[in-house]
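If you're matching them up, the sequences are chains A and B in order.
Going by the UniProt record's numbering, 65 is the number at position 65 of the first sequence; the sequence numbering is gapless.
Going by the UniProt record's numbering, 151 is the number at position 151 of the second sequence; the sequence numbering is gapless.
Written out below as structure tokens is the structure these notes cover.
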Amino acid sequence: MIRPSPARWPRRVDPGAALLALPLVLVFLYFSWGPIVRGLVMSFQQTNFVSGSTWVGWENFTYVLGDPLLPTAIGNTLWYGLLCLVFGFPLPVFLAVVISELRRRKGLYSALAYLPVVFPPVVAILLWKVFYDPSADGLFNTVLGWAGIDPLPWLNTGTTAMPALVLEATWANAGTNVIIYLAALTGVRTELYEAAELDGAGIWRRIWHVTLPQIRGITVVLILLQIIGTAQVFTEPFLFTGGGPDNATMTILLMVYNYAFINGDYGAATALSLMLAVVLCVFAGIYQLATRKLGRDS
Amino acid sequence: MTTFRHAHTRTTLFGGTAALALALTACGAPSSGGSASGDGTVTITVGDRPSADQAAARAFFDRRVQEFHQAHPGIRIEPSETVWDVQTFQANVAGGTLPDVIKVPFTEIQSLIARRQVADITDELKAVGLADQLNPQTLKIVQGRDGRIYGVPVLPYAIGLFYNRALFEKAGLDPAKPPRTWDEVRTAAKAIAEKTGQAGYAQMTTENTGGWMLTAQSYSMGGSIESEDGSKATFDDAATRNALTYLKQMRWEDDSMGTNFLYNMNDIAKDFAAGKIGMFLSVPSAAYQAAVTNFGMAKEDVGLTAVPTGPGNDNRVLSGGSVEIVNPKASPAEKAAALKWIRFFDLHKYIDQEAAVADAKATAQDGGAVGIPRLSPVAPETFERYESWIAGHVNVPLENFTGYTGDLATVQLKTEPVRSAQEVYAVLDTVLQKVLTDKDADIAALLAEAVATVDAKLARAPR
């Protein structure tokens, strides 16, 4: 057995410090880990919160896995994640690079980029719901009309509903990443640009060969966070469409919500949550290993 | 069923952890809200106290509590603003914070009975002499399959068809003669769409309200959604097929349903108030309040008539309303106290003129609607007397509602599906959305598929 090296362990624990930290640790355990453990237990139970719970083994899991809606929800969640990755992810990188290249009013533009994040999500979504009015005099459709484009049904067909959700989500969330990239860009060594310029590299080649490799670390982390975040998309489909039309925006978390709050079936809800959490943990682990290996190879 | 849902914490696109998904439940000590103290006083918590923005109703509620205390010295009432909310109900049950008395929608009561999340109050109901005062038609709604009684139905209503009288006139239709059959609805909708460019007929389709209204449509043609014991789905019948066919024709042949096919209860009332909708089905009280009080529709433009009928109609109409329930963890003494409160608060006004008038005045002062036609929770003659007491305070255009009120005395109430109503409605929401957004939707195939899905859910539902 390997003993931990003494250097890694404090020789003496300061009782005062431990006492100070204790309430925080307890609160964290109770409110953060309490529900997680409870959820884990409940996924193997059937309960009505009144007359005690009964253990049902894997029944909740088999029920959820047999739900004909599950493949649809998984497909929709993946589709949402993919759309966000393809359209939502490059945008903040692009905006951050553009803003960092500006000579003046950088603060103003980064504030403008961040503004949508400050909007309360529910307000923003309800506002966009008005913008997405499918009639010809809806806001977006009026704008399209100026360009001679026919009105779009937006949330009202299975094909356009999900992209409409992604559009709003991108608008609402891009700001955070813009700020993070801007911060990362300040760490890029300027002499590299000068060297590239001397070698005759244009702006795109400088971005591609200098900027992007320099912010690679932060990009890798943000992609992971985004994938975990999009796998848990809830607010947008919940408020925009309720999962419709014809389940075109039914996501995994919306199913969890419906199980728990509409059907009062906490067993199924926690079982599906648990499966999602396990899948995301496994994914995160593989992703970490892969990117670390990639980092070493390059 | 009234589902005005509230804001929910956002799982951010670029953040959030898997733990969030698991953090569904908060731990809490299970205990009932009420208690009995040493001196024999029973304390119960009572939900549905009006919030501070409804000043007159709140003052009225508080005054009633005081009056109750004087009349029942052995009982203490602790008012709470907790109301039925689909998102918090289960957590309240789990955490022991559910009030001892609270109103829930008709839609939920059978599921609550099946999950044993509501107290059996049969004996207490008899003890306070309420059992034979209540309207036997609505009392059926709160009975379990064991014949026991699990709640007191209050504020019952039948679904109705709202129509915009101004749009009717613009389309050359007579607002005094609203459609009485689904064929007439189709004709009127077409006229409205052609003459005014607005949706002639619109339909709720989301948050389970679609399935709910489709149930009303199916019942209007003699259909059913579930077998009587709730073990099987039965909605692949001619009635539901006809209901969907009418919608399909209005949507795709007549183009008389506008462009929005994702309406919830609130949004449809908003567009109705804005003059964008000619006709729609909804709950008389809730939709009137939303359109007139919240969205500023001129009340003389509001018309209300009975749910139209179609082939197979057997004079039955979908009913709804609120049920006063008692916390499943309440002790016998608390249950008895709870029933006394329900009798005093919800039903006293039907037998006491002063209470009836005070209630109507407080509602009107808060800008609420008084006199929206509804069904009787008590014996019909008692209810008629009550209506005559408040006649002077009515502030809604009753003359525009005669198509609804004319039938009210003779229709038979039909309850919502007895098992897992919300889950069934959710499946039917999808069917409706498909029919309204996909021109090639095959109604028979969709219904067959939906029946299979629902049967699987019914097999899992607690019995």
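Ideal placement from N, C-alpha and C gives every residue a C-beta, glycine not left out.
- DSSP, reduced to helix, strand and coil, places isoleucine 77/B within a strand of the structure shown.
- Contact with chain B is absent for aspartate 150/A, since none of that chain's Cβ atoms lies less than 8 Å from the residue's Cβ.
- When the Cα atoms are used, glutamate 354/B and phenylalanine 345/B turn out to be separated by approximately 13 Å.
- DSSP places alanine 158/B inside the beta strand (DSSP E), whose first and last residues are 152 to 158.
- By the 16-neighbour rule on beta-carbons within 10 angstroms, asparagine 294/B is exposed.
- Residues of the region 407 to 437 of chain B with a C-beta less than 8 Å from any C-beta of chain A: Ser420, Gln422, Glu423, Ala426, Asp429, Thr430, Gln433, Lys434, Leu436, Thr437, listed in chain order.
- In this structure, the alpha-carbon of glycine 202/A lies about 27 Å from that of leucine 222/A.
- Rounded to the nearest angstrom, the Cβ distance from glutamate 324/B to lysine 177/B is 39 Å, too far for a contact under 8 Å.
- Distance from histidine 393/B to lysine 349/B at the Cβ level is roughly 12 Å; contact not present, criterion being Cβ atoms closer than 8 Å.
- Below 8 Å, too few C-beta pairs join the region 255 to 262 of chain B and the region 137 to 153 of chain B to call them touching: fewer than three.
- Under the three-pair Cβ rule at 8 Å, the region 282 to 292 of chain A counts as touching the region 214 to 229 of chain A.
- For arginine 205/A, the enclosing alpha helix (DSSP H) starts and ends at 203 to 206.
- Interface with chain A (8 Å Cβ-Cβ cutoff): valine 86/B is included.
- Under the rule that a run must span 3 or more residues, the beta strand (DSSP E) segments found entirely inside the region 250 to 322 of chain B read 277 to 282, 302 to 306.
- In the DSSP secondary-structure assignment, glutamate 226/B is bridged to Ala233/B.
- Contact annotation: alanine 290/B and asparagine 266/B have beta-carbon atoms nearer than 8 Å.
- The alpha helix (DSSP H) runs of length 4 or more contained entirely in the region 75 to 114 of chain A are, from start to end of the chain, 90 to 101.
- Residues of chain A with a Cβ closer than 7 Å to the Cβ of valine 93/B are, in chain order, Phe49, Val50.
- Around proline 79/B, no beta-carbon contact reaches into chain A at under 9 Å, the shortest distance being about 24 Å.
- Straight across, the Cα-Cα distance linking proline 35/A with glycine 107/A is about 41 Å.
- Listed along chain A are Leu155, Asn156, Thr241, Gly244, Pro245, each with a C-beta nearer than 7 Å to that of leucine 262/B.
- Residues of the region 198 to 224 of chain A whose Cβ lies closer than 8 Å to any Cβ of chain B, in chain order: Leu222.
- Counting only Cβ-Cβ distances below 7 Å, arginine 460/B has contacts in chain A at Tyr63, in chain order.
- Contact between leucine 253/A and phenylalanine 234/A is confirmed by a C-beta separation of about 4 Å, below the 8 Å threshold.
- Along the region 250 to 272 of chain A, going in chain order, the ones with a CB nearer than 9 Å to a CB of chain B are Met250, Ile252, Leu253, Val256, Tyr257, Asn258, Ala260, Phe261, Ile262, Asn263, Gly264, Asp265, Tyr266, Ala268, Ala269, Thr270, Leu272.
- Contact between asparagine 242/B and glycine 310/B holds, since their C-beta atoms are separated by about 6 Å, short of 8 Å.
- Among the residues of the region 195 to 223 of chain B, those with a Cβ less than 8 Å away from any Cβ of chain A are Thr205, Thr206, Glu207, Asn208, in the order of the chain.
- Within the same chain, Tyr266, Ala269 come within 6 Å of alanine 260/A by CB-CB distance, once the 5 residues on both sides are set aside.
- For the pair methionine 297/B and threonine 206/B, the Cα-to-Cα distance works out to about 23 Å.
- The beta carbon of tryptophan 84/B sits closer than 7 Å to the beta carbons of Ile102, Lys103, Val104, Pro105 from its chain, once the five residues preceding and following it are set aside; these are given in chain order.
- Between aspartate 429/B and glycine 244/A, the C-beta gap is smaller than 8 Å, which places the two residues in contact.
- The C-beta of proline 71/A has fewer than 16 other C-beta atoms within 10 Å across all chains shown, which makes the residue exposed.
- As summarised for the region 333 to 408 of chain B, the continuous alpha helix (DSSP H) elements at least 4 residues long and confined to that stretch are 353 to 365, 380 to 390, 402 to 408, given in chain order.
- Counting only residues of its own chain and dropping the five nearest sequence neighbours on each side, alanine 52/B has a CB closer than 8 Å to the CB of Arg58.
- When only Cα atoms are considered, aspartate 237/B and serine 218/B end up about 9 Å apart.
- In the structure shown, the three-state DSSP call for asparagine 173/A is helix.
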